[in-house]
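>
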Amino acid sequence: MDPPTDLAAGAAEAYLPGERSLEAMADAAQACRGCDLWRRGTQAVFGEGARDAPLLLVGEQPGDREDIEGRPFVGPAGLLLDRVLEGAGIPRDQAYVTNAVKHFKWEARGKRRIHQRPRQDEIDACGPWLAAEIEVVQPRVLVCLGATAAQALLGKSFRVTKQRGTILEDTGLAPYVMATVHPSAVLRSRSSDERRAGEEALVREFAAVARLLIDG
Ligand code: URA
Ligand code: SF4
């Protein structure tokens, strides 16, 4: 594996609070100026869930709904994620959910705000928040949703298309790490058959995660 540059070393590091509780960090993230994305987003959308959650899920960045509500995965991708977790038999309260980047990056198209992929320097800048969340939660299983999260945590040579669903045990991030596609990619399917198949594939992968949560 090609390990990423130190996740904890990005520019957001200067904004981390002395007290490393999730509450203190969520507050402090509102004042983060580690990259320019704070100018465009309504607010920082910090991770959400129990500090002792055995499962930590990392997405890319908040979407339009998340930006408005201030909570991760509450829009269409979040609804799909909830269905997948339920289908795999994972209670929602077992999961701490967060994103690689905490501010919504978008461009205007008419009245709509269209998601833009964060750049590498923005992902790097935001890394300290994610590193601190992982350190507090110390999940048994960490799942990367999509290439942005996977490459932030597993290195730029990681290919979700080739390695999705594989359980990794030697990452130093958590005892078990898996990467798969982002729920938004499933939502962009060209047909309802493709979409159903995409959702079923995610349920199968999360069923394997569920077994790791139970065993041991
Ligand atoms: N997509 C993400 O990556 N994260 C969210 O919180 C919502 C949509
Ligand atoms: Fe800070 Fe991350 Fe927001 Fe950039 S995206 S301002 S690094 S919280």
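FYI, in our numbering the residues of the sequence shown are 75 to 290. Cβ atoms here follow ideal geometry from the backbone N, Cα and C, with glycine treated the same way. Just so we're clear, the structure is a prediction, and the values are computed from it rather than from any experiment.
(1) Do residue 284 and residue 164 count as a contact pair if the criterion is CB distance below 9 Å?
(2) Between the alpha carbons of residue 108 and residue 166, how many angstroms are there, rounded?
(3) Decide if residue 175 is buried, meaning its Cβ has at least 16 other Cβ atoms within 10 Å, or exposed.
(4) Give the range of the beta strand (DSSP E) segment to which residue 133 is assigned.
(5) Who are residue 183's beta bridge partners in DSSP?
(6) Does the beta carbon of residue 215 fall short of 8 Å from some heavy atom of the ligand SF4?
(7) Could you check which residue in 255, 209 and 103 has the C-alpha nearest to that of residue 324?
(8) Measure the alpha-carbon distance for residue 101 versus residue 143 and round it to whole angstroms.
(9) Please find out if some non-hydrogen atom of the ligand SF4 comes closer than 8 Å to the beta-carbon of residue 137.
(10) Could you have a look at residue 169 and say whether DSSP puts it in helix, strand or coil?
In brief:
(1) Reading the sequence shown from its first residue, position 90 is the one you call residue 164. Reading the sequence shown from its first residue, position 210 is the one you call residue 284. It is a contact, given that the beta carbons lie within the stated cut-off.
(2) For this step, residue 108 is matched to residue 34 along the sequence shown. For this step, residue 166 is matched to residue 92 along the sequence shown. The alpha-carbon atoms of residue 108 and residue 166 are separated by roughly 31 Å.
(3) For this step, residue 175 is matched to residue 101 along the sequence shown. Result: buried.
(4) To locate residue 133, count along the sequence shown from 1; it is residue 59. Segment 129 to 133, the beta strand (DSSP E) holding residue 133.
(5) Residue 183 sits at position 109 when you count from the first residue of the sequence shown. BP columns for residue 183 point to 186.
(6) On the sequence shown, residue 215 is found 141 positions in, with the first residue counted as 1. Not under cutoff, so the answer is no.
(7) The question about residue 324 has no answer here: the residues shown for the chain are numbered 75 through 290.
(8) Walking along the sequence shown from the start, residue 101 turns up at place 27. Walking along the sequence shown from the start, residue 143 turns up at place 69. C-alpha separation (whole angstroms): 15 Å.
(9) Position 63 of the sequence shown holds residue 137. False, no ligand heavy atom lies under 8 Å from that Cβ.
(10) Here residue 169 refers to the residue found at position 95 of the sequence shown. DSSP places residue 169 in strand when its eight states are reduced to three.
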